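Student:
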Amino acid sequence: MKSLEDLKKMREAALKKVEMREGGKDYRVVVGMATCGIAAGARPVLNKLVEETANHDYNCVVTQTGCIGMCVYEPIVEVYEKNGAHTTYVHVNPDKAARILAEHVGQGHIVEEYTVDAAKKAQEA
Amino acid sequence: MMLDIAMHILELLMNSIQAMAKVITVRITESEKDDLITIEESDDGKGMSKELLERVTDPFTTTRTTRKVGLGVAFMKGMTEQCGGIFDIRSTEGVGTWIKATAQRSNIDTPDMGDLGEMMMAAIQANENIDYIFEYITDTNSFVFKSSEIREQLAGVSLLEPEVLIWIKEYINQGIKQAKEDLK
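Chains Y and U, in that order, are what the protein sequence lines are. Taking this note's numbering, the leading residue of the first sequence gets 1, the next gets one more, and so forth. Taking this note's numbering, the leading residue of the second sequence gets 1001, the next gets one more, and so forth.
1. Ala97/Y versus chain U: which residues are under 9 Å apart at the beta carbon?
2. Between the stretch 1158-1174 of chain U and chain Y, which residues of the former have CB atoms less than 8 Å from a CB of the latter, in chain order?
3. Since Ala1155/U meets chain Y, which of its residues come closer than 7 Å, beta carbon to beta carbon?
4. Does any CB atom of chain Y fall closer than 9 Å to the CB of Ala1006/U?
5. What did DSSP end up calling Ala122/Y once you bin it into helix, strand or coil?
6. If we cut at 9 Å on Cβ distances, does Met33/Y have a partner in chain U?
7. Taking Cβ positions only, does Gly1045/U come closer than 9 Å to chain Y?
8. Mind the definition here: the stretch 45-62 of chain Y touches the stretch 95-110 of chain Y only if three or more C-beta pairs lie below 8 Å; say whether that holds.
9. Should the stretch 1130-1150 of chain U be regarded as contacting the stretch 1020-1030 of chain U, the criterion being three or more beta carbon pairs within less than 8 Å?
10. For Lys1169/U and Glu1128/U, which I take to be in contact (beta-carbon distance under 8 Å), what is that distance rounded to the nearest angstrom?
11. Would Glu1011/U pass as a contact of Ile68/Y if the rule is Cβ separation under 9 Å?
12. Quickly, what does DSSP pair Gly32/Y with across the bridge? List them, please.
13. My understanding is that Thr1029/U touches Ile1166/U, with C-beta atoms under 8 Å, so please give their C-beta distance in whole angstroms.
14. Identify, in the order they occur along the chain, each residue of the same chain with its Cβ nearer than 6 Å to the Cβ of Asp1004/U, setting aside the five sequence neighbours on each side.
15. Give the range of the alpha helix (DSSP H) segment to which Arg1055/U is assigned.
16. Quick check: the Cα distance between Val50/Y and Asp1088/U, rounded to an integer number of angstroms?
17. CB Ser1042/U to CB Ile1108/U, shorter than 9 Å?
18. Consider the C-beta atom of Arg1151/U and the heavy atoms of the ligand MN; say whether any pair is separated by less than 8 Å.
19. Run down chain U in chain order and give the residues with a C-beta less than 7 Å from the C-beta of Asp6/Y.
20. Is there a Cβ of chain Y sitting closer than 9 Å to that of Asp1035/U, yes or no?
21. Confirm, please, whether the CB-CB distance from Val111/Y to Tyr89/Y is below 9 Å.
22. Ends of the beta strand (DSSP E) at Ser1042/U?
23. Cβ closer than 8 Å: which chain Y residues qualify as neighbours of Ile1150/U?
24. My parser needs the alpha helix (DSSP H) runs of 4 or more residues fully inside the stretch 63-113 of chain Y; what are they?
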C-alpha cells in the first residue's frame, strides 16, 4: 500500500542523489506530447522512459515538447547530448524506448534502426 | 484517434497547461446507478473569447496560428455524442475554462477508461508547478489527489524525480481501484 509517508523516504533519497551528482545530467530525452503524439501512443512511451530512468538511474532528464512537425512519425523521442547534438527516434513504443535508454543513454551508442533517417531510407527502398 | 478516455482527458489537460492555468481540476464520476460516466475538467487559465469558444469544437475552422485549443476538444465532443452523452464547454477570458462531457457507461462505443494514473503523471511531468486536483467518484466512494499535498511532503524536492512520478501514478491508480470496489 502506498501512503504519503513514502514521500519522506523518497525525499531523502532524492536529496542524496543531488549531492552525489553535480553539474546536471548528460542527456535530455524529449517526448512529443501534442495531439499527434498522444493519439499515436506517446503516453505509455513517456511512462516507460520515466520508469526505466528510475529503475536504472540513467544519466538523463525526461521532458516533453509539443508537435515536432513530423506527425506521421509519432511517437517521437529525441535524445539531446550535452554538446547540443541530437538524435530523432520515430515510431517509438515502450520496448523501443527501453532499448534507446539502455543503448544510447546507458552506453552512448545511437540505435540506428529506430532513427528518422532509417525510417526514411526504408520508405524509399 | 484517441483509444481511451484518459487520452481524451490528457488532451484537455494539455490545453489547460498551455492556457497558463495555476490550478487544474479533473473530476471523473463513474455511476453504476445512473449508467453514466461524467468528466469535468476546469482551469483558471486565460480562457477563451466568445468567438473562439464558438469555433473550438469544430476541427475544420480552427487554424494552427490562431487556435489556443487543438483537435482535442473536437475529438472529445465527437466521442461523447457517439456514446449517448452530452458535451458542454464554458469559458471566460481571464477567468478560465470549464468542460463537462458525459458518456453512457454501458454504451458499446464508450471507450475504456484507460490509465488515469499515467494520465496525471504525464500532466504533472509537463508542468509540475500547477496545482492539480484529481477526483474520482463512484456511487458510494471517492478518491481525491492533490499535487499540492505531494509538493508539501517533498519539501523542495522536485515532483519530476522519476521515482516520485511513478509513485504518483501508482498512488492514483491504487486510490481509483479502492474507490471502484463497489462497481462491477
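Just so it is clear, CB atoms sit at the ideal spot from N, CA and C, and this is done for glycine as well. Quantities reported herein were computed from a predicted structural model and do not represent experimental measurements.
Tutor: Here's the rundown:
1. The contacting residues do not exist; Ala97/Y stays about 13 Å from chain U at best.
2. Ser1158, Leu1160, Glu1161, Pro1162, Glu1163, Val1164, Leu1165, Ile1166, Trp1167, Lys1169, Glu1170, Tyr1171 and Gln1174
3. Arg11
4. yes
5. helix
6. yes
7. no
8. yes
9. yes
10. Not really, about 14 Å apart at Cβ, beyond 8 Å.
11. no
12. Thr65/Y
13. Incorrect: roughly 27 Å between the Cβ atoms, too far for contact.
14. Pro1111, Asp1112 and Gly1114
15. Lys1050 to Arg1055
16. 34 Å
17. no
18. Looking for the ligand MN in the displayed structure turns up nothing, as the structure carries no ligands at all.
19. Trp1167
20. no
21. yes
22. Leu1036 to Asp1043
23. Leu4 and Leu7
24. 94-100
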